[in-house]
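These notes concern the structure reproduced below.
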Amino acid sequence: MEIAVLFFLSSGLFLGWALGANDAANVFGTAVGTRMVKFGTAALICSIFVILGATISGAGAAHTLGKLGAVNALGGSFMAAFSAAAAVYAMTKVGIPVSTSQAIVGSIIGWNLYSENVTDTNALIKIVTTWFVCPVLAAVLGASLYKLTHVVLGFAKLHLLRLDAYTRVGLVLAGAFGSYSLGANNIANVMGVFVPSSPFTEFRFMDLVTLSSVQQLFLLGAIAIAVGVFTYSKRVMLTVGGGLMPLSAVGAWVVVVSHSIVLFLFASVGLESILASNGLPTIPLVPVSSSQAVIGAVIGIGLLKGGRGIRWKVLGGIFTGWMITPVISALICFVGLYFLQNVFDQKVYQSVSFEMSERVLERLGQEKIPRTHFVDLTGQRYENGRALMQAVGKQTSLSSKEESKVLDFAKVVPLTVSIDKIEHLDMEWFSGPQIQALKELSGRSYHHSWMLADALAKQSEAWKLKPKTTANKLYNKGVRQRLEGLYRKFKD
Amino acid sequence: MELPKMKGLFGRSRALEVEIDHFHDKLSQSAVIFKTALAAYLKAGATDSFIERQEHLNALETEGDKLRRSIETKLYAETLIPESRGDVLGLLEASDEVHGALQGALWGFAIELPDIPEEFREEFMELGDMAVMTVESLVLASRAFFRNIEAVLDHNHKVEFYETEADKISSKLKISIFRSDLDLARKLHLRTFVERIDEIADKAEDVADHLNIYAIKRSI
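Chains as they are written, first to last, in the working numbering: chain G, 697 to 1188; chain F, -3 to 216.
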């Protein structure tokens, strides 16, 4: 690996460190603040479980972030992570519990603006919606769990000391679960922007452990989080305890559990498959903010008690912080990218061009977007997504879904399927018929990514998407993820 | 995860629970002993039977002291119940004062050998009974603080009730003493004993007042 690559990754590590310092406090802050769990114990458990969560189940939420904007040059990823980390660090210094999720979303939008990419409105809406849903869900969970705990404890009539011992064990277990969920959900914030430009290759250790390039990236990020936990989180943990509202140890336990459940819900691929296979609507896998979850849960409990204990002024400050963070982060990113490109002469994005060729228009027609919309654009080429959208905007108005389809199909992605590269694919990830279909296409070149997808679907059923139903959602997602893997691999 | 350590945590809590239970046992036993000792004194003065009971109460008080110190040390050394240990400490120390009041009253009888005229003996006994009932209710309230927080208020209510009754009896008794034909020195001497017994109920009520606050704090 080149030194330059390590240098670029360093900003991701900085962001990981900031996340560890800031968000670990959400998981163990109340436990350490109330002296129920020693800081050393908390830091150790937190580190281990963050690393496990990130490496084992971190991929789910990373995908949504990738959709928002695929930062496609290492220099750009560097600046995106750096500006998010700087925003988080600055807010932490001021004493506002901010969200790394918001910071990174802000900086991706900053990169999109700079590289004249079009921000995927659907993905953005999905993410922003969760920012509102997440604290509300945590509040509802927190209040119900608090009530339930109260009833159970009323029946159990535990001795004060026994309750204390159980609470300690409960805090440690909930903290471990919380750290796992934090790692699984938030690693996408730290390392997600590096996924499209990951410098790692697959790593096998004695046939026992296989780490994909993304998993290695996530492992590295998780270690950075652990370092953040050990070096900087103690202070934050001690102050987070009673900041918003005084809580009892049992209350602290309820908060940590609610927070962890919420984070887990938004990161669990396993839960998604259970829901989908039963025909139930799935929860979007989105990186949510652990700060928001914690604060939501605290407020839920506070409201249950009549809202007297809540310090509304502190809460107002926190809300303001949530509004400002993405804006600051986007600004730093935009300005930073300018310097990185023009002063340090680094490549911060790979330009992607768009073409409205005859074939693209025909394909859009199949997707029920009539070509009559784009008569004047036929055969035109555009330097970036925004230029295409402006041209389209002059002709017709499209819904945001249709817009992202036009962008997808018009995007020029030159691909060549080579037998050489097929042999380097992860054979366990693809099925036999899928590999077979690929081999039959070897030697062929494509101008757009959808062309390869269509050719593969023609070759084999194994590459076809099933009808759009909830039950088929996961199957289709799996096929799409494999296709995206191929686009990266076969790119010219 | 550190299983032996967790087992140790539960083991330590269990041991401390037992010690706290014992502390309460000592106080409630002392209250009962006080009652029988007072009855013995009123019946026949400082007989062997009275002295034996008085010494028993002294021993109980010493054991209670030891338990209290041990509990306090463990609570702090092992950082148990960090939120409530200040309250527990206050509770134990205040309960210890009740114990001291029981002991002090009996010491007074043993040393000063007051001569209580026949006509006041029944009321002295009534006052003693009421003071003991206050302490017994307090012990129940204090036990409830550890196991069943909602019951604390019920027991405390009784503590307050008995304490008021004790006050009424003590005022009545003092009026009777000072309206009697005894000389002033004996009147003053008898009053001291009325006050010493009444003080047991007063101290118990002080503890109950603290307990009320601790219970409210715990239920938040």
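Don't be surprised by glycine CBs; every beta carbon is placed ideally from N, CA and C.
Bridge-paired residues (DSSP) for residue i
| i | result |
| --- | --- |
| G/Phe1050 | G/Tyr1078 and G/Lys1107 |
| G/Thr1112 | G/Ser1141 |
| G/Lys1187 | G/Leu1111 |
Listed by chain order, chain F residues near residue i by CB distance under 8 Å
| i | result |
| --- | --- |
| G/Lys853 | Arg143 and Asn144 |
| G/Thr726 | What G/Thr726 touches in chain F: nothing, since even the nearest Cβ is about 11 Å away. |
Proximal residues to residue i (C-beta, below 8 Å), its chain only, five neighbours per side dropped
| i | result |
| --- | --- |
| G/Thr845 | Val946, Trp949 and Val950 |
| F/Glu(-2) | Because the pLDDT at F/Glu(-2) is just 43, under 50, the model does not fix this residue reliably, and the value given afterwards should be weighed accordingly. Cβ within range, chain order: n/a, list empty. |
| F/Pro113 | Ser176 and Leu178 |
| F/Asn208 | Val148, Leu149 and Asn152 |
| F/Phe19 | Gly60, Leu63, Arg64, Ile67, Leu88 and Ser91 |
| F/Tyr72 | Arg81 |
| G/Leu849 | Leu859 and Val946 |
| G/Lys843 | Leu1000 |
| F/Glu119 | Ile165, Lys168, Leu169 and Ser172 |
| G/Thr788 | Ala714, Ala717, Asn718, Val794 and Val932 |
Residue i - containing alpha helix (DSSP H), residue span
| i | result |
| --- | --- |
| G/Ile747 | Phe735 to Ser753 |
| F/Ala147 | Ala147 to Arg175 |
| G/Asp860 | Leu856 to Met887 |
| G/Arg1067 | Run containing G/Arg1067: none; DSSP gives neither H nor E here. |
| G/Ser1156 | Note, G/Ser1156: premise wrong, no alpha helix (DSSP H); not H, not E. |
| G/Phe1035 | Trp1008 to Asn1038 |
| G/Val848 | Thr817 to Ala852 |
| G/Ile804 | Thr796 to Tyr810 |
| G/Glu1136 | Gly1128 to Glu1136 |
| G/Lys789 | Leu770 to Val790 |
| F/Asp125 | Glu114 to Arg143 |
Cross-chain neighbours of residue i in chain G, by beta carbon under 8 Å
| i | result |
| --- | --- |
| F/Glu13 | His855, Leu857 and Arg858 |
Listed by chain order, chain F residues near residue i by CB distance under 9 Å
| i | result |
| --- | --- |
| G/Ala861 | Met2, Leu5, Phe6, Arg8, Ser9, Arg10 and Leu76 |
| G/Thr730 | Pro78 and Glu79 |
Contact set for residue i: own chain, Cβ-Cβ below 6 Å, skip 5 residues either direction
| i | result |
| --- | --- |
| G/Gly771 | Leu1036, Gln1042, Lys1043 and Val1044 |
| F/Gly104 | Arg192 |
| F/Pro0 | With a pLDDT of 48 at F/Pro0, under the threshold of 50, the modelled position of that residue is not reliable, and the figure given next carries that caveat. So no residue of the chain qualifies. |
| F/Arg117 | Leu38 |
| G/Val865 | none |
| G/Ser1145 | Val1109 and Tyr1183 |
Within chain F, partners of residue i - CB distance below 7 Å
| i | result |
| --- | --- |
| G/Arg864 | Leu5 |
Contact set for residue i: own chain, Cβ-Cβ below 7 Å, skip 5 residues either direction
| i | result |
| --- | --- |
| G/Ala839 | Gly996, Ile997, Leu999 and Leu1000 |
| G/Thr1112 | Ser1141, Phe1186 and Asp1188 |
| G/Cys742 | Ala720, Val723, Phe724, Gly871, Ser875 and Val925 |
| G/Ser1096 | Thr817 and Asn818 |
| G/Ala1153 | Trp1159 and Lys1160 |
| F/Leu136 | His151 |
| F/Ala162 | Leu123, Met126, Ala127, Thr130, Asp194 and Ala197 |
| F/Lys170 | Arg187 and Val190 |
| F/Arg214 | Ser80 and Ile145 |
Counting only runs that start and end within the stretch 27 to 110 of chain F, where is the beta strand (DSSP E) found for 3 or more residues in a row? none
Runs of 4 residues minimum, wholly inside the stretch 952 to 991 of chain G: which ones carry the alpha helix (DSSP H) assignment? The stretch 952 to 991 of chain G contains these whole alpha helix (DSSP H) runs: 965 to 973.
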